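Heads up: the sequence lines are chains A, B and C, in that order.
Residues in the first sequence are numbered consecutively from 1, following my numbering.
Residues in the second sequence are numbered consecutively from 1001, following my numbering.
Residues in the third sequence are numbered consecutively from 2001, following my numbering.
Beneath this line is the structure, given in structure tokens, with notes to follow.
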Amino acid sequence: MLALLARRLALGVLTILVTSVLIFAGTEVLPGDVATAILGRSATPESIESIRKAMGLHDPAPVRYVRWLTNFLQGDLGTSLANGRPIAQQIASRLGNTLFLASVAAAIAVPLSIILGVMAAIRANGLFDRAISVATLVAISFPEFFIAYVLIIIVAVNLGWFPSLASISPVMDLGDRLYVVALPALTLVMVVLAHMMRMTRASVIGVMSSPYIEMAVLKGLPGWRVVVQHALPNALAPIINVVALNLAYLIVGIIVVEVVFVYPGMGQLMVDAVAKRDVPVVQACGLIFAGTYVGLNMIADILAIFSNPRLRRPR
Amino acid sequence: MKDIEKILRGEAEGIGRRDFMTLAGALGVGTALGTGLLGKPARAQTPKKGGHLVIGMDGAGAGDSIDPATYTATYMQTTGMQFYNTLVEVDEKGQVQPSLAESWEAKPGATEWVVKLRKGVQFHNGKEMKAADVVYSINHHRGEESKSAAKALLATVSDIKASSDNEITITLSSGNADLPYLLADYHLGVAPEGAAFDGLGTGAFILENFEPGVRTLAKRNPNYWNSDKRGHVDSTEILAINDPTARASGLQSGSLHLINRADPKIVSVLQKNPNIQILEISGAGHYCFPMRADTAPFDNNDVRLALKYAIDRDEIVKKVLRGHGKVGNDQPIPSFDPFYAADIPQRPYDPDKAKFHLKKSGFSGPIILSVSDGAFTGAVDAAQIYQANAAKAGINLQVERVPADGYWDNVWMKKPFVASYWGGRPTADLMFSIAYVSDAPWNESFWKRPDFDKLVVAARAELDTAKRKQMYRDLQLMVVDDGAEIIPMFNNFIDAGLKKVQGFAPTPTLEMSGLRAAEKVWLEG
Amino acid sequence: MRLFGQRLSVAATIGLVIIVVNILAAVLAPVVAPYGEADIIGDVWDAPETSQTVFGLDNLGRDMFSRLLYGARTTITIALITTLLSFTIGCVFGFAAAVAGGWLDMLLSRIVDALMAIPTLIFALLVLSVLGTSIPVLIGTIAVLDSTRVFRLSRAVAMNIVPLEYVEAARLRGEGLAWVMRREVLPNALPPLIAEFGLRFCFTFLFIAALSFLGLGIQPPFADWGGMVRDNAQAISFGGIAPLIPAAAIAILTIGVNLVVDWILSIHAARRA
């Protein structure tokens, strides 16, 4: 058991390493380098050359990779090439904002989707099941910027309940923060809810047809107890996986929501950096995203191991 | 998953703005005689002091910097003008007005200029501004090592020196009677000698907090030299809002006082709101489709003419700009320019003529137009309308949508037929010199005509206005009839604000009241 | 009504009708559509009544109804191919990893994890700049990105099945990897996979719309539903219905597909019971 966990941890670290190589190589392959990006149309071969020299772009790639990774691990993320500001400082507040919004959205979406999924599974094909199923499918059929616009126009502009600009700042207290992120969080909930809800429902229904569940039913246990105590634990593995995927998505992939609600998160930072070919920022963001992603998946896998009695004993 | 979508909305907006402002480039200063659509005369009203002004602007990015040498997009230009002053400014009528310079004078031949500086101007740190500071600030953009976007602008400046504490002398390698227009450029903000250009200037506001791509906070400079006329609000907050719908909804819900670039599609919605005023002016910026005149089939003028007749400009102005612009005539001089040749007839949409010229050229086959909204917002839409127009003339025009990312590096001036945008230039000479003469750095259509080049140089030196006007007419005609640019339209600048925002005067070639909205406006009630 | 020997529920019938209508629309678009998909026939966002059309006009003055029909063609074809491709890739590798275990699992899992850990933007930019834009590239990109997700799910599901007695038994009998995957793992892993299929299919529409922001989407003037929502989104500011129509088309097809998916799930459950 312990060995299994240790192995999984080691794998996570390995994955991050592989990813860091891929990110580094990927940003190398991107056409146009930061020298041309900085100079733009006024670039001359000499000025490009002088910038490349100043930035050490002439060292062989492996040398630069090792230098980058060592610095990164020591907490030195370097400085942005575009404006010379320390990357760590830029990322710190934005990462905090991203995690805050993701947590708020997840805190609503995860329990809600599992509860709705289980309720739908208990009375599969019943009226509630159908209603919730159609509602969530409609929700995911709309591109999220569209959901966001509709929410802004109805809730912010016409009703005036919540602000359309989620311009969060470090001086706000928790209440104010929750107030300004209400609409972006709601948008994100609508985007991720259906996926997790439907997976919960499908997994639970899948397990419900197993012999031991039938046994439980025959014993005369009430429907909800059968589901919650017997079916749900055994249906957890795929649910955990989908939840992890969606959590990762909430952290890594919410750029449209950031743009529409003017929320200062990591996604916007990364997009700007890619546009400016600000390679150190792209790499730093990429590695942080990768770390988040791998971390969440690792947790999902470990939880899946715990949730499956058969896997707890290594073969 | 839908990840990319999120990324890309931001992407398309961000890059587009940034790059087209780079293209709009060094000199976005006002042309003479702009026509204000809402040209209300500045009300004889006493500015009200105080209040916190919140502005929402696009064209911001996480890589932004306070250093004026790096300004390429509207967010930083407007933000920077809070902290810095330039030597001169161009007003809403297109006239050069004194700012940090009190007066200026050209020696005969206009190769040497003497500029007298205002006395008693203090930087934010209390130091008094001297000629050495101005020389330092302008040299920041010059020289081999300079990475400044204004470097090309100052290419003809051969020397600049302090002739006394309050006077500088600028020497040019060739005469230029329009030098003051160059000095009004927003890159040329004045900072104290040795400064790192981190916001320390002479401007109406002092930088409090700058978060690139998020917001900029500033408070009023109590010792502002121009505090009688400018710098009314106590503090300002400029939010980076690249999404046009987000800017509009922020204004509608009252969270913002002022926004730039209201989307033409929703101007009518904003107009219906009793608290909102639209601040619009027709400008010198124009959208265009350059063809590479050095590449077949565009090396054949009949093909070029066929394509010029095959575009329905009215329909594009109506649908893409929603009427907030003017039809163009395949040449870049705006109708309010003193050298605009009004007698050159407007080229109509004429499928028959297009057919005729295409047949005459002997070319048949598909023509590929590579576009991206990174070139200008609405480029893909405009191209699709063009495609439908051209189809009626029997021209097989195919639209190839290309990535906004890297558009200006990989597509513009590379592929044979593309979309492009120009922010306009303060003088006809500059516009032709930068993009139309054979060896122009941004001769995006690769159109080369020695007689055109010669005439441009001659016109620059001509002092007789009537003769000069005739020369510019000939130049415009050459571009209209033989050039390789299709210029379907000039766009308006559409800013918008709450009605309680007063003192905003739209300026023809720079948005946000000549980028100086923050110091010009005050809040009523 | 019965289909493949199974009784069709009302919901499943509705779902099937929706799917059939959509397929018909896609196939018959050139015959049924009153206008071409690129024909500009009037003013921007003209209402149905004034423009004499079924759903009004779009952001350039093209007939919304015609574009919807042509859009069905492009969108459904691409979505179907992409989803099938990604499930094939994802399931084959996912099952193989789970059944074989050991170094194969290790290798595949690391590759997939690393691929998924790279932010999609960078991945898309790379593909874009290296391979250029075309429909096969589009399909390939989405299929690869999607298949990593399918891999994770199918592997997780299969991991739960592999330790079961009958799989152990098959292995002890000396059955090959392919046999175990096909005969033992696949049938038992189907429910969550089919559920996922229904959703992935729908996500593909939105993904295509998303990619068009990169310039990698469907080339104009050809219609795709997600792109139609995006092009017309501004109309909601003044209460226009234009963006709701393609969005509703996506929603209805999604619901149709998922109703049928639910029906298949219930048959499956009934069989195992």
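Note that CB positions come from ideal geometry on N, CA and C, so glycine has one too.
Computed from a prediction, not measured in an experiment: that's the story for all the values here.
Neighbouring residues, chain C, relative to residue i (Cβ below 8 Å)
| i | result |
| --- | --- |
| Gln1271(B) | Those do not exist, as Gln1271(B) stays about 11 Å from chain C at its closest Cβ, beyond 8 Å. |
| Phe142(A) | Val2229, Ala2247, Ile2250 and Ala2251 |
| Gln1277(B) | Within 8 Å Cβ-Cβ: nothing; Gln1277(B) doesn't reach chain C, min ~18 Å. |
Proximity to residue i [Cα-Cα], best of the options
| i | options | result |
| --- | --- | --- |
| Thr1070(B) | Val1134(B), His1140(B) and Pro1047(B) | His1140(B) |
| Val1418(B) | Glu1485(B), Lys1119(B) and Pro1334(B) | Glu1485(B) |
| Pro2119(C) | Pro60(A), Trp161(A), Pro233(A) and Ile16(A) | Ile16(A) |
| Ala231(A) | Val271(A), Gly117(A) and Ala185(A) | Gly117(A) |
| Ala1459(B) | Pro1441(B), Ala1204(B), Val1437(B) and Trp1447(B) | Val1437(B) |
| Leu1100(B) | Glu1092(B), Leu1087(B) and Lys1093(B) | Leu1087(B) |
| Ala1306(B) | Pro1345(B), Val1320(B), Ile1278(B) and Phe1356(B) | Phe1356(B) |
| Trp2045(C) | Glu2037(C), Gln2052(C) and Gly2056(C) | Gly2056(C) |
| Thr136(A) | Leu193(A), Ser164(A), Ala106(A) and Thr98(A) | Leu193(A) |
Residues that residue i contacts on chain C, provided the C-beta gap is smaller than 7 Å
| i | result |
| --- | --- |
| Phe306(A) | Chain C residues near Phe306(A): none, gap ~13 Å exceeds 7 Å. |
| Pro238(A) | Leu2153, Ala2156, Val2157 and Pro2192 |
| Tyr212(A) | Here the premise fails: no neighbours, minimum Cβ distance about 12 Å. |
| Asp1263(B) | Gln2234 |
Proximal residues to residue i (C-beta, below 6 Å), its chain only, five neighbours per side dropped
| i | result |
| --- | --- |
| Gly1175(B) | Gly1109, Ala1110 and Thr1111 |
| Gly1199(B) | Ile1066, Phe1083 and Leu1207 |
| Val1054(B) | Glu1237, Leu1256 and His1257 |
| Ala121(A) | Arg201, Val204 and Ile205 |
| Leu1239(B) | Gly1056 and Arg1215 |
Same chain, Cβ closer than 7 Å to residue i, five either side skipped, listed in chain order
| i | result |
| --- | --- |
| Leu2259(C) | Ala2011, Ala2012, Ile2014 and Gly2015 |
| His2268(C) | Leu2190 and Pro2191 |
| Arg1018(B) | Unreliable positioning characterises Arg1018(B) in this predicted model, as indicated by a pLDDT of 33, which lies under 50. The coordinate reading is nonetheless provided below. The residues are Gly1059, Gly1061, Thr1072 and Ala1073. |
Partner residues on chain A for residue i, Cβ-Cβ distance less than 7 Å
| i | result |
| --- | --- |
| Met2228(C) | By Cβ distance, chain A contributes nothing, its closest Cβ being about 10 Å from Met2228(C), past 7 Å. |
| Asp2113(C) | Thr15, Val294 and Asn297 |
| Asp1234(B) | In chain order: nothing, as chain A lies at least about 18 Å away. |
| Pro2119(C) | Val252, Met270, Gly286 and Phe289 |
Residue i: contacting residues in chain B (beta-carbon distance under 7 Å)
| i | result |
| --- | --- |
| Lys53(A) | Those within 7 Å of Lys53(A) in chain B number zero; the least Cβ separation is about 12 Å. |
| Val2044(C) | Lys1319 |
Interface partners of residue i on chain B, CB under 8 Å
| i | result |
| --- | --- |
| Phe261(A) | Ala1246 |
| Leu269(A) | Ala1062 and Gly1213 |
| Gln90(A) | Ala1062 and Pro1212 |
| Asp2039(C) | Ala1388 |
Under 8 Å by beta carbon: chain A residues contacting residue i
| i | result |
| --- | --- |
| Cys2202(C) | Leu137, Ile140 and Ser141 |
Own chain, CB closer than 8 Å to residue i, minus 5 neighbours either side, in chain order
| i | result |
| --- | --- |
| Asp1343(B) | Arg1473 |
| Tyr2166(C) | Glu2184 |
| Met2116(C) | Thr2148, Arg2149 and Arg2152 |
Interface residues of chain A facing residue i [CB-CB closer than 9 Å]
| i | result |
| --- | --- |
| Ala2269(C) | Ala124, Ile205, Gly206, Met208 and Ser209 |
| Ala2096(C) | Within chain A, no residue comes near Ala2096(C); the closest Cβ sits about 18 Å away, beyond 9 Å. |
9 Å Cβ cut-off: residues of chain C touching residue i
| i | result |
| --- | --- |
| Gln1384(B) | Ala2038, Ile2040, Leu2060, Arg2062, Pro2220 and Pro2221 |
Proximity test, Cβ basis, 9 Å: residue i and chain F
| i | result |
| --- | --- |
| Glu1315(B) | You won't find chain F in this structure, because its protein chains are A, B and C. |
- [ ] Determine contact between the segment 2092-2101 of chain C and the segment 2063-2077 of chain C, defined as no fewer than three beta-carbon pairs at a distance below 8 Å.
- [x] no
Open item on the list: At a CB distance below 7 Å, what residues from the segment 157-189 of chain A approach chain B? Give them in sequence order.
Closed with: Val157, Gly160, Pro163, Ser164, Leu165 and Ser167
- [ ] Could you please tell me which residues of the segment 1238-1252 of chain B, in chain order, have their CB closer than 8 Å to any CB of chain A?
- [x] Leu1239, Ala1240, Ile1241, Asn1242, Asp1243, Thr1245, Ala1246, Ser1249, Gly1250 and Gln1252
Task: Positions along the segment 2228-2261 of chain C whose CB lies within less than 7 Å of some CB in chain A - done: Of all residues in the segment 2228-2261 of chain C, Val2229, Arg2230, Ala2233, Ile2236, Ser2237, Pro2243, Ala2247, Ile2250, Ala2251, Thr2254, Ile2255 and Asn2258 have a Cβ within less than 7 Å of some Cβ in chain A.
Task: Residues, ordered as in the chain, of the segment 1103-1129 of chain B that lie near chain C by beta-carbon distance below 7 Å - done: none
TODO: Could you name the residues of the segment 2051-2066 of chain C whose beta carbon sits closer than 8 Å to any beta carbon of chain B, in the order they occur along the chain?
DONE: Asn2059, Leu2060 and Gly2061
Task: Segment contact flag, the segment 1429-1448 of chain B with the segment 1283-1295 of chain B, C-beta cutoff 8 Å, min 3 pairs - done: yes
- [ ] Tell me, please, whether the segment 288-304 of chain A touches the segment 136-151 of chain A by the rule of three or more beta-carbon pairs shorter than 8 Å.
- [x] no
- [ ] Scan the segment 50-75 of chain A for residues whose Cβ lies nearer than 7 Å to a Cβ of chain C and list them as they occur along the chain.
- [x] none
TODO: Would you be able to state if there are at least three C-beta pairs under 8 Å between the segment 1288-1300 of chain B and the segment 1358-1370 of chain B?
DONE: yes
TODO: Would you check if there are 3 or more beta carbon pairs closer than 8 Å linking the segment 181-198 of chain A to the segment 242-255 of chain A?
DONE: Contact between the segment 181-198 of chain A and the segment 242-255 of chain A is present, because at least three Cβ pairs lie under 8 Å.
Open item on the list: Does the structure place the segment 236-243 of chain A close enough to the segment 70-82 of chain A that three or more beta carbon pairs sit under 8 Å?
Closed with: Because the criterion of three Cβ pairs below 8 Å is not met, the segment 70-82 of chain A and the segment 236-243 of chain A do not touch.
Task: Three or more C-beta pairs below 8 Å linking the segment 263-278 of chain A and the segment 207-214 of chain A - done: no
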